[in-house]
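In this note's numbering, the protein residues as written are 194 to 402. No residue lacks a Cβ here, since even glycine has one placed at the ideal position from N, Cα and C.
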């Protein structure tokens with residue numbers, strides 16, 4: 194298209210002052226907007242405008258997708274801040290995160306979301322357990338990770354669908370934050386679909402799209 198594009202990766206870790214590689218950060222750290230980060234980003238945006246370069250800003254990096262409500266709210270507010278700061282600047286595209294992936298775990302909030310999702314799909318946990326046919330007595334017995342018994346295994350299918358739900362939940366909050374800052378913001382996601390146990394039954398490979 195005859196455009197010059199500069200992609201900025203590893204941006205959100207700079208919500209921490211200093212070298213972001215020296216300690217892990219949590220999404221709640223995004224409530225910080227260090228002045229140094231603001232000034233440096235302003236300078237990049239200004240230079241890009243002077244030289245007809247499109248900024249492709251990846252607002253998050255090194256963060257999981259399956260976040261708590263509090264962490265998602267912090268990501269949403271971080272996005273709003275930067276989109277609002279540059280809403281009058283043409284030539285900016287926002288990427289929510291570089292190669293995000295959804296990993297299930299036994300964290301309490303993931304288990305709560307999984308049970309709520311099962312109820313929304315089947316009407317009750319009892320109906321979900323009956324459909325899966327694994328002999329689990331309660332939802333507490335249902336593993337959130339594991340291998341399917343084969344393609345007819347509805348539990349494996351549903352937990353891949355639950356992973357999609359988590360991805361969409363995360364994306365919706367992040368897009369909402371960017372749109373709150375700039376309703377005309379251009380937003381995309383570079384999703385990295387890592388193999389699930391079900392995928393491996395067909396010998397599938399990782400996809401980046």
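Residue 305, DSSP secondary structure in three states: To locate residue 305, count along the chain shown from 1; it is residue 112. DSSP places residue 305 in helix when its eight states are reduced to three.
Secondary structure of residue 207, DSSP reduced to three states: Translated into the one-based positions of the chain shown, residue 207 becomes position 14. Helix, per DSSP.
Nearest neighbour of residue 145, chosen from 318, 361 and 349 [CA to CA]: What is shown of the chain runs 194 to 402, which leaves residue 145 out entirely.
Residue 316 to residue 364 span [Cα, whole Å]: On the chain shown, residue 316 is found 123 positions in, with the first residue counted as 1. On the chain shown, residue 364 is found 171 positions in, with the first residue counted as 1. Each residue's alpha carbon lies about 25 angstroms from the other.
Secondary structure, alpha helix (DSSP H): runs of 4+ residues fully inside the stretch 297-365: 301-315 and 318-325
Residue range of the alpha helix (DSSP H) that includes residue 232: As a working mapping, residue 232 is identified with position 39 in the chain shown. From DSSP, the alpha helix (DSSP H) with residue 232 extends over 228-243.
7 angstroms Cβ cutoff met for residue 287 and residue 250: Within the chain shown, residue 287 is the residue found at index 94, counting from 1. Within the chain shown, residue 250 is the residue found at index 57, counting from 1. For residue 287 and residue 250, yes; Cβs fall inside 7 angstroms.
Spatial neighbours of residue 271 in its chain, beta-carbon cut-off 6 angstroms, leaving aside the 5 residues before and after: To locate residue 271, count along the chain shown from 1; it is residue 78. Contacts found: 223.
Given residue 246 as reference, the closest of 267, 233 and 197 once Cα atoms are compared: For this step, residue 246 is matched to residue 53 along the chain shown. Residue 197 is the option with its Cα nearest to residue 246.
Pairwise C-alpha distance: residue 267 and residue 373: Position 180 of the chain shown, counting from 1, holds the residue named residue 373. Position 74 of the chain shown, counting from 1, holds the residue named residue 267. Whole-angstrom Cα-Cα distance: 14 angstroms.
Contacting residues, own chain, Cβ-Cβ under 7 angstroms from residue 257 (five flanking each side not counted): Position 64 of the chain shown holds residue 257. The answer, listed in chain order, is 296.
Three-state class that DSSP yields for residue 278 in the structure shown: As a working mapping, residue 278 is identified with position 85 in the chain shown. The answer is helix: DSSP assigns residue 278 an H, G or I state.
Segment contact, 8 angstroms Cβ cut-off, at least three pairs: the stretch 274-288 with the stretch 218-238: yes
Identity of the residues DSSP links to residue 285 by a beta bridge: For the purposes of this step, residue 285 is identified with residue 92 of the chain shown, where counting begins at 1. Note: residue 285 sits in a beta bridge opposite 248.
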